[in-house]
Structure formats: C-alpha cells, structure tokens
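The structure under discussion appears below in the form of structure tokens.
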Amino acid sequence: MYEVTWSDLGIASVLVCLSVAVSLALRLGLTRSIIVAAVRTVLQLSAIGLILKHVFAADHPAWVTVIVLVMTLTAGWSAGGRGRYRYAGMRQDAVLTVWVTSWLVAAIGFYAVLHVSPWYSPQYIIPILGMILGNTLTTVSLTFDRLTQALALQRGQIEMLLSLGARPWEAFRDVARQAVSAGMMPTLNSMSVVGIVSLPGMMTGQILAGGAPEQAVRYQIVIMFFLCAAAALSGVLAVWRVYRRFFDRHACFNSTLLQRHD
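In terms of the numbering used here, the sequence shown is residues 63 to 324.
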C-alpha cells in the first residue's frame with residue numbers, strides 16, 4: 063500500500079481551499095467553519111494516530127477500556143447538544159442511549175459474530191466500535207431533534223388529544239414513529255447504495271492493505287448490519303427517554319421542559 067507523506071497531505075489540502083473558495087464566492091458564511099473543521103481533522107486524527115500506536119503496542123485491556131469510554135462519552139455528549147429545542151437532562155439521555163445501544167450491538171457483534179479473541183483486541187474493538195458510535199450519534203441526534211421539534215410545534219394537538227381522553231402514548235405515537243424513521247434514514251440510505259455508489263471505509267481499507275476482496279465484502283456486510291441494528295435500537299431508546307421525560311403517570315404533558323436553543 064502506498065505510504066502517504068506530509069507533502070501528499072499538503073497537496074490534498076488544496077482541495078479544502080476549493081471549499082473555502084466556493085464559500086467566499088457564494089457568500090455562504092462557511093469559511094471559518096471549513097477552516098476550523100479542516101484544522102480539527104488534522105489535529106484530532108494525528109493525535110488519535112499517536113495514541114492508537116501506543117495502545118496497539120501495549121495491547122492491554124485498561125487502555126482499550128479508557129479509549130472506548132472516552133469515545134462513548136464524547137459521542138453521547140455531542141448527540142445531545144444539537145438541535146433547535148432542548149430540555150434539562152437531554153445530554154444525559156443521549157449519553158445513556160448511545161452507550162447502551164452501541165455497546166449492546168458491539169458486544170453481540172464482537173463475541174457472537176466476529177469471535178474476537180482476546181476480548182479486548184484493540185485492532186477490532188476500537189475501529190469497529192468507533193463506526194458504530196459515529197452512526198449511532200447521527201441517529202440519536204436526528205431522533206432527539208425531530209422529537210423535540212414535534213413536541214414544540216404540535217403541543218396544541220397533543221394536549222387536545224389528551225383532553226379528549228387519549229392515553230399519553232396514543233398522543234405521542236405518531237411523533238415517535240416519525241422521529242425513529244428520520245433517525246434511521248441516513249443508515250438506510252447508506253445500505254441502499256453501498257457497493258454501487260459508495261465503497262465504505264472499512265472495505266476500502268482492507269482492499270488497499272492487500273486483503274482479499276471477498277473477505278473485505280463480508281466484513282463490510284457485517285458492519286452494515288451492526289449499524290442498522292444500532293440505529294433502530296438507539297431510535298427506540300431515545301423515544302422512550304423523551305416519553306418518560308415529558309409525560310408523567312397522571313397523563314400530563316410537561317411541555318414547559320422544552321427550551322428553544324438558537
């Protein structure tokens with residue numbers, strides 16, 4: 063596999079300059095965001111590269127545990143910090159949702175499907191869990207955003223249904239369905255075109271490293287199934303957490319918990 067040098071990275075950075083040029087020409091207001099994102103990409107990936115080099119060399123469960131905990135907390139915290147509307151405890155709900163669903167799917171995948179041994183093998187645990195966490199972050203963020211917006215905009219409809227005798231879940235059900243569908247859509251779109259429009263990173267990496275294409279394909283299929291399961295479960299758990307927050311045992315809708323975040 064060709065070894066990318068720093069000069070190669072410098073040439074590739076010209077492509078980011080094209081994005082900056084488009085932003086300036088069209089007055090998109092994204093110039094600063096593009097530059098910051100590019101710098102963060104270089105710094106964050108360089109840092110994790112150095113860290114993983116030592117983690118792989120040490121091959122110790124303690125280091126792997128620390129890495130996956132940091133990854134999980136970061137993903138959950140980020141998932142709960144996006145969206146137009148928020149409520150107290152939203153970040154905690156997001157962390158719980160990302161943690162439970164990602165680790166559950168990963169555990170089944172590592173030890174029932176991939177038969178990872180030893181259980182803490184960093185070359186399996188860290189990259190695959192990272193893919194699951196990244197996908198789950200997107201699902202949870204979209205689901206929470208759709209739920210909170212719907213609760214804010216459809217407050218009158220929900221309260222009317224409750225006043226007419228509907229149970230809390232009956233008043234909330236349509237909102238929940240739409241939110242879970244919205245959260246799963248990016249994953250389903252990826253699965254629909256994988257292998258035709260896009261060749262995912264794990265598959266491409268294995269092929270570039272000289273691996274057999276058929277094995278790379280099988281690994282990628284397994285990963286896509288992991289992502290699909292994590293998206294579905296995280297959407298359902300996010301809905302349950304929001305439902306518990308906004309509807310009490312007296313069938314009251316606590317819409318005052320919502321706060322608009324501009």
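All C-beta atoms, glycine included, are put in the ideal place defined by N, C-alpha and C.
Computed from a predicted structure; not experimentally measured.
So V130 and I187 are in contact, right, with Cβ under 8 Å, and what is the actual spacing, rounded?
-> Translated into positions along the sequence shown, residue 130 becomes position 68. Translated into positions along the sequence shown, residue 187 becomes position 125. Rounded to the nearest angstrom, the Cβ distance from V130 to I187 is 6 Å, consistent with a contact under 8 Å.
How big is the Cα-Cα spacing for R311 and R322?
-> Numbered from 1 along the sequence shown, position 249 holds the residue referred to as residue 311. Numbered from 1 along the sequence shown, position 260 holds the residue referred to as residue 322. It is roughly 25 Å from the alpha-carbon of R311 to the alpha-carbon of R322.
Alpha carbon of G218 to alpha carbon of M246, nearest angstrom = Looking up residue 218 in the sequence shown gives position 156. Looking up residue 246 in the sequence shown gives position 184. Each residue's CA atom was taken as its position, placing G218 and M246 some 27 Å apart.
Inter-residue spacing [alpha-carbon to alpha-carbon] between P230 and S140 | Stepping through the sequence shown from its first residue, residue 230 is reached at position 168. Stepping through the sequence shown from its first residue, residue 140 is reached at position 78. Approximately 29 Å between the Cα atoms of the pair.
Where the alpha helix (DSSP H) through C290 begins and ends = Residue 290 sits at position 228 when you count from the first residue of the sequence shown. Where C290 is concerned, the enclosing alpha helix (DSSP H) stretches over 275-308.
Okay, do the stretch 241-257 and the stretch 198-206 touch, 3+ Cβ pairs below 8 Å being the bar?
-> Output reads yes: the stretch 198-206 touches the stretch 241-257.
Kindly provide the ranges of any alpha helix (DSSP H) runs that are 4 or more residues long and lie completely inside the stretch 205-254, ordered along the chain.
-> Here the runs fully enclosed are 217-225.
Secondary structure at Y147, three-state DSSP: helix, strand or coil?
-> Within the sequence shown, numbered from 1, the residue matching residue 147 stands at position 85. Three-state result, Y147: strand.
What residue does the alpha helix (DSSP H) around C314 start on, and which one ends it?
-> What you label residue 314 is simply residue 252 of the sequence shown in a count that begins at 1. Per DSSP, C314 is not a residue of any alpha helix (DSSP H), being assigned neither H nor E.
State whether the stretch 286-297 contacts the stretch 156-172, with contact taken as three or more CB pairs (one from each stretch) at a distance under 8 Å.
-> With the cut-off at 8 Å, the stretch 286-297 and the stretch 156-172 touch.
Among the residues of its own chain, which have a CB less than 7 Å from the CB of L86, if the five just before and after it don't count?
-> Residue numbering aside, residue 86 sits at position 24 when the sequence shown is read from its first letter. Scanning its chain for C-beta atoms nearer than 7 Å, with the 5 sequence neighbours on each side dropped, one finds around L86 the residues T93, in chain order.
Leaving out five residues on either side along the sequence, give the residues of the same chain with a beta carbon under 6 Å from the beta carbon of A214.
-> As a working mapping, residue 214 is identified with position 152 in the sequence shown. Here the set comprises Y147, L320.
Alpha helix (DSSP H) segment containing L176, residue limits = Within the sequence shown, the letter at position 114 stands for residue 176. Membership of L176 in any alpha helix (DSSP H) is not indicated, and neither H nor E is assigned to it by DSSP.
Run the CB neighbour count on Q185, radius 10 Å, all protein chains shown included, and call it buried at 16 or more, exposed below.
-> Numbered from its first residue, the sequence shown carries residue 185 at position 123. Under this definition Q185 is an exposed residue.
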